[in-house]
Structures are given as C-alpha cells and as structure tokens.
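Residue numbers (the UniProt record's numbering), protein chains in the order written: chain A, 1 to 234; chain B, 1 to 234. Beta carbons are placed, not taken as given, at the ideal position from N, Cα and C, and that holds for glycine. Treat the numbers as computed from the prediction; the structure is a model and nothing was measured.
The following block contains the structure:
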C-alpha cells in the first residue's frame with residue numbers, strides 16, 4: 001500500500017512542464033494532480049505527458065491554494081529550492097530532504113499534499129506559511145534550481161517506496177483548531193504581538209513534523225482549555 | 001566528496017532531452033557528459049539546459065559507445081527500464097535500484113560511467129553486455145517508461161552524496177528542562193493527577209519526533225513562563 005499523495009502545482013508557467021509532471025507522476029504510480037491557476041494546457045502539455053494524458057485530463061484546477069488543499073488532506077508539504085539560512089529563515093526551516101521525508105512518512109495512514117511552486121518565483125510567503133513541512137532536494141550550489149518536473153520526479157521517486165501503515169494522523173480540520181486554540185491562548189497571555197506569527201508558524205512546523213494523532217490533538221486542546229479556565233477565561 | 005561520474009547518452013533522439021539532462025547533471029553537481037552519435041544539438045537543447053549550457057557545450061561526442069567509455073572508467077553501469085524476467089533475462093539481471101547502487105558505491109574511489117539508452121529502443125544487447133551493473137528505477141507497472149532526463153535526474157539524485165544540511169537539535173539537557181517546565185505548568189493548572197504521567201510521556205514523544213531545535217525549545221519555554229506569570233505564579 002502506498003501513501004495517498006496529491007501533487008499540487010501552484011501557478012505553473014509552462015504547459016510542457018505540467019505535461020512532464022503528469023508523466024513523472026504516472027511513472028511512480030500517482031494520479032491525483034491539482035493545479036492552482038494553471039497556464040494554458042494544450043498540445044505541448046499532452047505531448048510531454050505522453051502516456052499519462054489521463055493524469056493531465058483528470059487534473060483538478062483551483063483558483064486558490066487553500067481550496068486545492070481540501071479538507072481531507074492531513075499534511076501539507078511545500079517543496080522549495082531555497083532553504084535560506086538568511087532569507088526568511090523561519091518560513092523555510094527546518095527543511096527535510098526527500099529521503100528524510102520518506103522515512104518520516106513510513107507507516108503513516110494519511111493523505112498528503114505535496115506543493116510545488118512557480119518555475120520563476122516559487123512560493124509566496126503566505127503560501128509557505130500554509131505548509132506543515134518544508135521539503136528541499138539537496139542540489140549543487142553551482143546550480144541549485146531544478147526544472148519543475150524533475151523536482152516532482154525526484155520527490156515522487158522517494159515517495160513511491162513508502163510503506164503506508166495504520167498510524168493515524170489528525171484531520172486537517174482538527175489540526176487547524178489546535179493552531180487556532182494556541183493562538184487564542186497566546187492572545188490570552190498577552191504574548192508579544194510582534195512574535196506571534198513567527199511563533200505560530202514554528203508551532204505549526206513542530207506539529208507537522210510530529211505527525212500528531214487525533215488523540216494527541218484532543219489532549220493538547222484539553223490542556224489549552226484548562227489553561228484558559230485557570231486564567232479565568234472560561 | 002562526490003563520485004567521479006560520467007553520464008553517457010547513447011544516440012539520444014531529442015535535443016530537448018539532452019538539454020534537460022545537462023541541467024539535471026549540473027543540479028546534482030556533475031559535469032562530465034558524453035554523447036554517442038548525438039541528434040542535432042541546437043537552440044531547444046540550450047533552452048532546456050538553461051544555466052547548464054556549459055555542460056552541454058563541454059559535452060564530448062563519440063561515434064561508438066566503446067570509445068565513450070574511455071580507459072579511465074572503472075565501472076560501467078547501464079540504466080534500463082526493462083528488468084525483464086523473460087526477455088533476455090541474463091543480460092538485464094540482476095538489476096539494482098538507484099538506492100542499492102548508491103549503497104554499493106559508498107566509499108568507492110572510482111570513475112563510474114552511467115549509460116542511458118535511446119528514448120525509443122533503449123540499448124542493443126551488445127551495449128548491455130558492456131555494462132558491469134544494470135540499474136533500474138522502480139516504476140509503476142501502469143507506465144514504467146520514464147522520460148530520459150527524468151531517469152538521469154533520479155539516478156543522479158541518488159548518486160550525489162550531498163548531505164542536506166546542519167539541522168541543529170536541542171541539547172538533551174534543555175529538552176529535559178522543557179519537559180520539567182511542562183510538568184510544572186500542568187501542576188500549576190491542577191491538571192488531573194491520574195492523567196499526568198501519560199500526558200507527559202505523550203508530550204515527550206511528540207517532542208522527540210519533532211526533533212526540536214535549540215531555538216524552538218527556548219521559545220516554548222518562554223511561552224510556559226508567560227503562562228505562569230499570567231497565573232500569578234512568577
């Protein structure tokens with residue numbers, strides 16, 4: 001059994017790349033392709049898809065990344081070429097290699113969305129903030145920027161050998177409730193406003209890496225509720 | 001240090017693929033490209049090579065595979081999509097996965113030639129017989145045939161021994177302080193005694209899986225201190 005993986009392309013610019021992505025997906029046994037605000041998908045895309053035209057044809061399109069992630073996705077993974085030690089560090093760290101991600105996801109029972117950004121500009125910061133886990137393919141410093149479809153190919157090569165199991169991951173909906181709850185408690189304790197977003201993103205990434213189970217989310221929320229009660233707020 | 005690897009394309013048909021191969025090579029830190037009886041290498045190849053035009057330009061061309069392998073190559077590896085248990089079995093078996101090959105080559109000091117065949121017909125039997133090792137990327141039975149440059153990308157991803165980074169993990173001492181701090185806060189909020197140990201163990205497991213960084217531990221403890229302050233305890 002392999003993982004349930006959705007590939008999400010965010011505003012791809014070149015139809016040839018989209019076709020090549022479809023082919024790479026089918027090569028590794030994946031078919032669920034979602035595209036946010038796609039470029040025109042025409043003959044060149046179909047030519048590059050080769051025998052994976054069905055993946056291309058069945059791709060779902062969205063006008064927002066939020067919609068593409070859908071309610072039944074448990075973990076959102078963003079693929080970035082820039083792991084930046086300087087540039088917006090907290091948004092892009094820590095980054096896993098495909099190998100590390102594979103090891104992390106072994107035995108999991110979950111639907112995973114793997115996001116790939118624009119060929120020229122990758123992701124916006126807001127898009128990166130939606131990611132529970134950051135993925136980065138180790139490349140040469142001389143030329144780190146991979147072709148979009150090659151990046152998809154390498155990531156799916158690793159993902160295709162994951163052994164899915166029965167380790168349950170909390171629903172996305174409940175994970176978002178937990179994050180909101182933490183935000184509330186930070187508000188309750190007058191956590192410094194200028195640190196709030198950064199800290200919440202850090203906590204989101206911690207939860208993503210920890211692969212919280214439904215029970216863990218409930219227990220953590222129980223603690224938060226008790227804190228609020230003791231603060232005289234409930 | 002990465003392996004000394006020569007990529008040899010045998011009679012590639014499409015210049016776009018050759019350009020994409022050059023790019024994938026440079027992405028993973030390899031530059032030695034040899035081509036046996038190449039197709040025309042023109043503008044489309046250069047466009048696909050993007051910032052790896054140097055690899056393309058410096059590629060050496062040969063009229064026979066034997067010449068391309070050269071005297072200083074220690075090991076010849078042929079990449080095939082057909083591991084065929086029936087068709088010419090002895091020529092194509094045993095086949096290693098890229099992962100297995102990587103493990104096999106760890107610690108080796110050698111020049112390795114990795115051969116990739118024609119887009120349509122792969123290798124001739126005579127060419128396959130020149131290979132010391134057969135390499136095959138595990139793909140879906142539904143559509144096993146990868147694009148040439150994608151196959152190169154996946155193989156070189158494994159071959160590049162680049163280690164992803166310097167992900168820092170918090171000291172054990174500080175992680176224990178964090179757990180103690182959480183225990184204190186749970187005491188502070190009169191968290192039910194009979195649940196305490198179980199919950200703390202759960203939290204420890206979460207932290208362990210999340211592999212907290214030093215900065216993350218400090219930030220979490222800052223939150224705990226603020227909670228205690230707001231509870232009137234500090």
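Please classify residue i: is it buried, with 16 or more other beta-carbons within 10 angstroms of its beta-carbon, or exposed?
{"i": "residue 163/B", "result": "Here the model assigns residue 163/B a pLDDT of 47, short of 50, so the residue's position is not dependable and the matter cannot be decided."}
{"i": "residue 167/A", "result": "exposed"}
{"i": "residue 121/A", "result": "exposed"}
{"i": "residue 10/A", "result": "buried"}
{"i": "residue 132/A", "result": "buried"}
{"i": "residue 229/B", "result": "exposed"}
{"i": "residue 60/B", "result": "exposed"}
{"i": "residue 114/A", "result": "buried"}
{"i": "residue 49/B", "result": "buried"}
{"i": "residue 26/B", "result": "buried"}
{"i": "residue 212/B", "result": "buried"}
{"i": "residue 12/B", "result": "buried"}
{"i": "residue 110/A", "result": "buried"}
{"i": "residue 43/B", "result": "exposed"}
{"i": "residue 45/B", "result": "buried"}
{"i": "residue 216/B", "result": "buried"}
{"i": "residue 208/A", "result": "buried"}
{"i": "residue 1/A", "result": "With a pLDDT of 46 at residue 1/A, under the threshold of 50, the modelled position of this residue cannot be trusted, and the question is left open."}
With respect to the alpha helix (DSSP H) encompassing residue i, which residues constitute its N-terminal and C-terminal limits?
{"i": "residue 67/A", "result": "65-69"}
{"i": "residue 55/A", "result": "53-57"}
{"i": "residue 126/A", "result": "125-129"}
{"i": "residue 43/B", "result": "43-49"}
{"i": "residue 16/B", "result": "15-27"}
{"i": "residue 77/A", "result": "No alpha helix (DSSP H) contains residue 77/A, which is instead part of the beta strand (DSSP E) from 75-79."}
{"i": "residue 139/B", "result": "Neither: residue 139/B is in no alpha helix (DSSP H) and is coded neither H nor E."}
{"i": "residue 235/B", "result": "Only positions 1 to 234 of chain B appear in this structure, which leaves residue 235/B out of reach."}
{"i": "residue 207/A", "result": "193-210"}
With distances taken Cα to Cα, identify the nearest neighbour of residue i among the options.
{"i": "residue 20/A", "options": "78/A, 6/A, 34/A and 147/A", "result": "147/A"}
{"i": "residue 108/A", "options": "51/A, 96/A and 170/A", "result": "170/A"}
{"i": "residue 223/A", "options": "182/B, 221/B and 95/B", "result": "182/B"}
{"i": "residue 39/A", "options": "15/A, 205/A, 7/A and 56/A", "result": "15/A"}
{"i": "residue 58/B", "options": "126/B, 30/B, 118/B and 106/B", "result": "30/B"}
{"i": "residue 233/A", "options": "185/A, 32/A and 102/A", "result": "185/A"}
{"i": "residue 129/A", "options": "4/A, 205/A and 190/A", "result": "205/A"}
{"i": "residue 101/B", "options": "225/B, 159/B, 231/B and 44/B", "result": "159/B"}
{"i": "residue 70/B", "options": "6/B, 199/B, 180/B and 208/B", "result": "6/B"}
{"i": "residue 3/A", "options": "73/A, 47/A and 203/A", "result": "73/A"}
{"i": "residue 142/A", "options": "45/B, 53/B, 46/B and 118/B", "result": "53/B"}
{"i": "residue 126/A", "options": "44/A, 198/A and 43/A", "result": "198/A"}
{"i": "residue 203/A", "options": "193/A, 180/A, 104/A and 165/A", "result": "180/A"}
{"i": "residue 161/A", "options": "47/B, 99/B and 32/B", "result": "99/B"}
{"i": "residue 172/A", "options": "106/A, 32/A and 218/A", "result": "218/A"}
Just to confirm, is the Cβ distance from residue i to residue j under 8 angstroms?
{"i": "residue 214/A", "j": "residue 174/A", "result": "yes"}
{"i": "residue 36/A", "j": "residue 68/A", "result": "yes"}
{"i": "residue 63/A", "j": "residue 123/A", "result": "no"}
{"i": "residue 150/A", "j": "residue 24/B", "result": "yes"}
{"i": "residue 220/B", "j": "residue 178/B", "result": "yes"}
{"i": "residue 144/A", "j": "residue 97/A", "result": "no"}
{"i": "residue 95/A", "j": "residue 210/B", "result": "no"}
{"i": "residue 34/B", "j": "residue 8/B", "result": "yes"}
{"i": "residue 226/A", "j": "residue 189/B", "result": "yes"}
{"i": "residue 231/B", "j": "residue 93/A", "result": "no"}
Along the chain, where does the beta strand (DSSP E) containing residue i start, and where does it finish?
{"i": "residue 173/A", "result": "Per DSSP, residue 173/A belongs to no beta strand (DSSP E); it is in the alpha helix (DSSP H), 172-188."}
{"i": "residue 4/B", "result": "4-10"}
{"i": "residue 226/B", "result": "First-last for residue 226/B: 214-230, but that is the alpha helix (DSSP H), not the beta strand (DSSP E)."}
{"i": "residue 162/A", "result": "No beta strand (DSSP E) contains residue 162/A, which DSSP labels as neither H nor E."}
{"i": "residue 36/A", "result": "32-36"}
{"i": "residue 133/A", "result": "133-135"}
{"i": "residue 115/A", "result": "111-116"}
Since residue i and residue j should fall inside the 8 angstroms C-beta cutoff, what is the C-beta to C-beta distance between them, to a whole number of angstroms?
{"i": "residue 77/B", "j": "residue 112/B", "result": "6 angstroms"}
{"i": "residue 135/B", "j": "residue 155/B", "result": "7 angstroms"}
{"i": "residue 91/A", "j": "residue 201/A", "result": "7 angstroms"}
{"i": "residue 22/B", "j": "residue 65/B", "result": "19 angstroms between Cβ atoms; not a contact."}
{"i": "residue 28/B", "j": "residue 140/A", "result": "6 angstroms"}
Using the beta-carbon of each residue, which ones in chain C are nearer than 8 angstroms to residue i?
{"i": "residue 191/B", "result": "Absence of chain C from the displayed structure is noted, the protein chains being A and B."}
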